[in-house]
Amino acid sequence: MSNGRTHIMSAPTHASFFAIVSNAADGDLAVFRVDASTGRIERLARHPAGEAVMPMALSADGSLLHAATRAAKRTIVTYSVDSGTGSLARLRTASIASSLAYLSLAPSGAWLLGASYGEHSVSLYRAADVHAHAHVEPVQVIDGIENAHSIVASSDGRFAYVASLGSDTVSCYAIVERAADARLELVQKVRVEPGFGPRHLRFSPDGKTLYVSSEFRATVAVFARDAETGTLTARSIAPRAPALAHLHDGPRPRASGTAGTEVDPSTRIWAADIQLTPDGRFVFVADRTTSRLISYRVTDDGSLEYAGYTDTETQPRGFRIDPSGRFLVACGEQSTHVAVFAIDAGSGALALLSRCEGGRGANWVEIIRQMPHDVC
Numbered sequence: 058m059s060n061g062r063t064h065i066m067s068a069p070t071h072a073s074f075f076a077i078v079s080n081a082a083d084g085d086l087a088v089f090r091v092d093a094s095t096g097r098i099e100r101l102a103r104h105p106a107g108e109a110v111m112p113m114a115l116s117a118d119g120s121l122l123h124a125a126t127r128a129a130k131r132t133i134v135t136y137s138v139d140s141g142t143g144s145l146a147r148l149r150t151a152s153i154a155s156s157l158a159y160l161s162l163a164p165s166g167a168w169l170l171g172a173s174y175g176e177h178s179v180s181l182y183r184a185a186d187v188h189a190h191a192h193v194e195p196v197q198v199i200d201g202i203e204n205a206h207s208i209v210a211s212s213d214g215r216f217a218y219v220a221s222l223g224s225d226t227v228s229c230y231a232i233v234e235r236a237a238d239a240r241l242e243l244v245q246k247v248r249v250e251p252g253f254g255p256r257h258l259r260f261s262p263d264g265k266t267l268y269v270s271s272e273f274r275a276t277v278a279v280f281a282r283d284a285e286t287g288t289l290t291a292r293s294i295a296p297r298a299p300a301l302a303h304l305h306d307g308p309r310p311r312a313s314g315t316a317g318t319e320v321d322p323s324t325r326i327w328a329a330d331i332q333l334t335p336d337g338r339f340v341f342v343a344d345r346t347t348s349r350l351i352s353y354r355v356t357d358d359g360s361l362e363y364a365g366y367t368d369t370e371t372q373p374r375g376f377r378i379d380p381s382g383r384f385l386v387a388c389g390e391q392s393t394h395v396a397v398f399a400i401d402a403g404s405g406a407l408a409l410l411s412r413c414e415g416g417r418g419a420n421w422v423e424i425i426r427q428m429p430h431d432v433c
């Protein structure tokens, strides 16, 4: 809930930016421009991608975008990105075997990392193969990771971290590169509380902390991270948000097949994405059941305290914070609009600035800073 006055830093020193949203139901990517002086969002274009397009991975320099489709035809679609205009040019569509719930890039851009929730596995792809061939096999698949939901690489490209929702574990793998080859080698597997349901992962700006969102509680587990060894040490778990006090923890129930025994899924927490402000002061988690963004403040001792909530687009699966830390862009799977919020620099409170018509089944957001010399 947004309280108090929202302070937006003066705009001249900040670049406007483009937000790219994947629309699973429409099978396309929508490109929006957000004005840095006003926070106004406008849709620029829509680009076909493929049925059930969902996770996206942006290269470190913002020049390449990869998007994975999860329908019967599973692919990774690669686009070049014009950071001056926001336009996308489709370069290659490579078919793959897995349905990827998460896709990310190693900082070097040489390796794509994928997590398959239904296949209980993670995969390592050579990016050059994805860019060059119509069908791509992973260079490595690691099976037995129950409901693998995300995989992210550290900023130095030495380690990859995997959230296993089904086993309540977070694993660290070394990314071992040899010539043109690479392998993921297990370094450590750590457990979170039973029933936590780890979903998505984010690093603090200095890389010394790993934040893990809970799908079943909408809380966040905080781990200290050793940059040299990659290992994690549990520090704390954020408190449960009072804004979700009327909901139960645990996975959304499925129909049992016996009449009258079904439980209303709207009584369960159903958290999704997690994002941090670039200064590392605030952490946000999306809950799809209530369509709320839950905010946490990072305290002096590194733990998280509840800071508030903001209503957003219906069933928010994905959202993103711009590089300046002034704006948050959110979409919803059951909304056809994309919203821009101002982030109060002092409190982390969100204030709605603008909305724009988007697409159906919106689920993922990537942001690209607009190059200043190309701004009209």
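Numbered according to our numbering, the sequence shown terminates at residue 433, and the numbering increases by one at each position without gaps. Positions of the beta carbon are idealized from the N, C-alpha and C atoms, including for glycine.
Compute the Euclidean distance between the alpha carbons of D357 and R338, then round it to the nearest angstrom. Rounded to the nearest angstrom, the two C-alpha atoms are 10 Å apart.
Buried versus exposed, by CB contacts within 10 Å (16 or more), G254: Under this definition G254 is a buried residue.
On the CB-based measure, 16 or more other CB atoms within 10 Å of its CB, does E272 come out buried or exposed? Buried, by the Cβ-count rule.
S261 - DSSP class collapsed to helix/strand/coil: Residue state, collapsed to three classes: coil.
Would you tell me roughly how many angstroms separate the C-alpha atoms of G415 and V91, rounded to the nearest one? When rounded, the distance between both Cα atoms is 13 Å.
Are there 16 or more other CB atoms within 10 angstroms of the CB of V434, so buried, or fewer, so exposed? What is shown of the chain runs 58 to 433, which leaves residue 434 out entirely.
Could you compute how far the alpha carbon of L350 sits from the alpha carbon of A236? Roughly 44 Å separates the two Cα atoms.
Candidates S140, H123, V78: which alpha carbon is nearest I133's? If you compare the alpha carbons of S140, H123, V78 with that of I133, the shortest gap goes to H123.
Taking all protein chains shown into account, do 16 or more other C-beta atoms lie within 10 angstroms of the C-beta of T276, making it buried, or fewer, making it exposed? So T276 ends up on the buried side.
Name the DSSP beta bridge partners of W327, please? DSSP lists no partner for W327.
Beta-carbon contacts of S207 that lie in its chain and below 6 Å, excluding the five residues immediately before and after: Taking C-beta separations shorter than 6 Å and ignoring five residues to either side along the sequence, the partners of S207 in its chain run Y159, A172, A220, H257, L258, following chain order.
In the DSSP assignment, find the unbroken alpha helix (DSSP H) run with D186 in it and report its ends. Looking at the DSSP string, the run of the alpha helix (DSSP H) that includes D186 is 184-189.
What's the call for L243, buried or exposed, on a 16-neighbour Cβ count within 10 Å? So L243 ends up on the exposed side.
Inter-residue Cα distance where the pair is A106 and A87: Roughly 10 Å between the two C-alpha positions.
DSSP three-state assignment for L157, whether helix, strand or coil: Coil at L157, not helix or strand.
Taking only three categories from DSSP, how would you classify L301? Helix.
If you drop the 5 nearest sequence neighbours on each side, which residues of the same chain put their C-beta closer than 7 Å to that of D306? Here the set comprises G252, F273, R274, I326.
Using 10 angstroms around the beta-carbon of D379, count the other beta-carbons present and answer buried if the total reaches 16, otherwise exposed. When all chains shown are included, D379 counts as buried.
N- and C-terminal bounds of the beta strand (DSSP E) containing F74: Looking at the DSSP string, the run of the beta strand (DSSP E) that includes F74 is 74-80.
Going by CA-CA distance only, name the one from V78, A210, A408 that's closest to A125. In terms of CA proximity to A125, V78 leads the group V78, A210, A408.
Between the Cα of D225 and those of A102, G141, G382, P308, spot the shortest distance and give me the residue it belongs to. Considering only alpha carbons, the answer is P308.
Looking only at DSSP bridge pairs, what is T367 linked to? In the DSSP output, where bridge partners are listed per residue, T367 has L350.
For V187, I'd like the list of residues in its chain whose CB is within less than 8 Å of its CB, leaving aside the five on either flank, ordered along the chain. Excluding five sequence positions before and after V187, the CB atoms of its chain that fall closer than 8 Å to its own CB belong to H123, I133, T135, R149, A151, L169, V193, given in chain order.
Since T290 is in the beta strand (DSSP E), which residue starts that stretch and which ends it? 289-294 is the extent of the beta strand (DSSP E) around T290.
Going by other Cβ atoms of all chains shown within 10 Å of its Cβ, with 16 needed for buried, is T266 buried or exposed? Here T266 is buried, its C-beta having at least 16 other C-beta atoms within 10 Å.
Decide if T95 is buried, meaning its Cβ has at least 16 other Cβ atoms within 10 Å, or exposed. Per the 10 Å Cβ criterion, exposed.
Helix, strand or coil for T63 per DSSP? With a pLDDT of only 46 at T63, under 50, the local geometry of the prediction cannot be trusted, and no value is derived from it.
Determine, using beta carbons only, whether S155 and R131 come nearer to each other than 8 Å. In contact: S155 and R131 (Cβ atoms closer than 8 Å).
Work out the CA separation of L407 and G382 for me, nearest whole Å. Across the structure, G382 and L407 are spaced so that their CA atoms are roughly 12 Å apart.
Relative to the C-alpha of R100, which residue among I400, T142, A184, A278 is closest? Each of I400, T142, A184, A278 was checked against the Cα of R100, and the nearest Cα belongs to T142.
Pick from L333, G359, L304, F384 that is closest to S348, judged by C-alpha positions: When only C-alpha atoms are compared, the closest one is L304.
Taking the alpha carbon of E397 as the point to measure from, which residue in T334, E370, G403, A419 has its own alpha carbon closest? Correcting the residue identity first, residue 397 is Val in this sequence and not Glu. When C-alpha distances from V397 are compared across T334, E370, G403, A419, the shortest belongs to E370.
Residues bridged to P105 (per DSSP): According to DSSP, P105 bridges with D85.
Residues bridged to R282 (per DSSP): DSSP, once it has assigned bridges, lists L289 as partnering R282.
In angstroms with no decimal places, state the Cα-to-Cα distance between D118 and A239. When rounded, the distance between both Cα atoms is 22 Å.
For H71, count neighbouring Cβ atoms within 10 angstroms of its own Cβ and tell me buried if that reaches 16, exposed if not. So H71 ends up on the buried side.
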